[in-house]
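What the sequence shown shows, in my numbering, is residues 106 to 292, in sequence order. What follows is one structure encoded as structure tokens, with my remarks underneath.
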Amino acid sequence: MSCNGCRVLRRRCGDNCTLRACLDGIDDPRAQGNATLFVSKFFGRSDLMAFISAVPGNRRPALFKSLLFEACGRTVNPVTGAVGLLSTGNWHVCQKAVQTVLAGGNLRPGFAGILTPPNYFDDSSESFCCGGAWDITNQFSTEKRWNTKSSFGSETELSDVSLGLDSGNGYEMDAKGEEPKLLNLFV
């Protein structure tokens, strides 16, 4: 009889199935199928089987679990994925996403705005607490990251900073309010 992973992927299942060992850690048969389907949709069926086949048999369940968490993390937070959720203290979001997938629910991105804490470079991180040559806390202050001084000495937002191109070559409004001119990139 075929395992739940092979049944969902509609592939032949034998006695030495590569997916069967991966799904032993998941108790519910429907959850096994949901997890396999989600991971195979994210990474692709052939890539999933190649990943699993490249790992020794005793490490395949851990690999599948890792792929499931990374697929859920990348779906919820496309920029940094599961590692970003862990590093920003939002691991519970990734765990909820995995529980949603196992239950057969759908995941949508959109949490990126609420997942980033206001001060990403905090003092609780080990890399920012060690002193000496590795002390980089002053390099990443919010003033230096978000504001910059223009050539006139006033602070401007980062989005307002020009690229230093000659006037007339950039996307800037003329003093008379005329249409912006396009860049001459291939001249």
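All residues carry an ideal CB built from backbone N, CA and C; glycine is no exception. Being a predicted model, the structure only gives us computed values, none of them experimental.
Are three or more beta carbon pairs between the region 134 to 146 and the region 183 to 201 nearer than 8 Å? no
If you draw a straight line from the alpha carbon of A155 to that of D133, how long is it in whole angstroms? 25 Å
Closest by C-alpha distance to L128, when choosing among V198, G194, L172: L172
Which same chain residues, not among the five before or five after R117, have their C-beta less than 8 Å away from its C-beta? S107, C111
According to DSSP, is G194 part of a helix, a strand, or is it coil? coil
Taking just the CA atoms, how far does R213 sit from T180? 7 Å
So what does DSSP say about I219, is it helix, strand or coil? With a pLDDT of 46 at I219, under the threshold of 50, the predicted position of this residue should be treated as unreliable, and no value is reported.
Sequence-distant residues of the same chain with beta carbon closer than 7 Å to T205, five excluded per side: L212
I'd like the list of long-range same chain contacts for C165, defined as Cβ closer than 6 Å, with 5 residues on each side in sequence excluded. Going by the sequence as given, residue 165 is Arg instead of Cys. Around R165: A126, C127, I157.
Taking Q137 as the reference, give the member of D152, F148, L114 with the closest Cα. L114
If you drop the 5 nearest sequence neighbours on each side, which residues of the same chain put their C-beta closer than 6 Å to that of A202? C177, V181, L212
Given this structure, state the Cα-to-Cα distance separating G194 from V188, to the nearest angstrom. 10 Å
With distance defined between alpha-carbon atoms, name the residue in N163, L168, N139, N121 nearest to G210. N139
Classify N109: buried if its beta carbon has 16 or more other beta carbons within 10 angstroms, exposed otherwise. buried
Roughly how many whole angstroms lie between the Cα atoms of G162 and L124? 10 Å
Where C122 falls: helix, strand or coil (DSSP): coil
If L190 and V198 are in contact, beta carbons under 8 Å, what's the gap, nearest whole angstrom? 6 Å
Since V160 and L153 are thought to touch, with beta carbons under 8 Å apart, how far apart are those beta carbons, to the nearest angstrom? Not really, about 12 Å apart at Cβ, beyond 8 Å.
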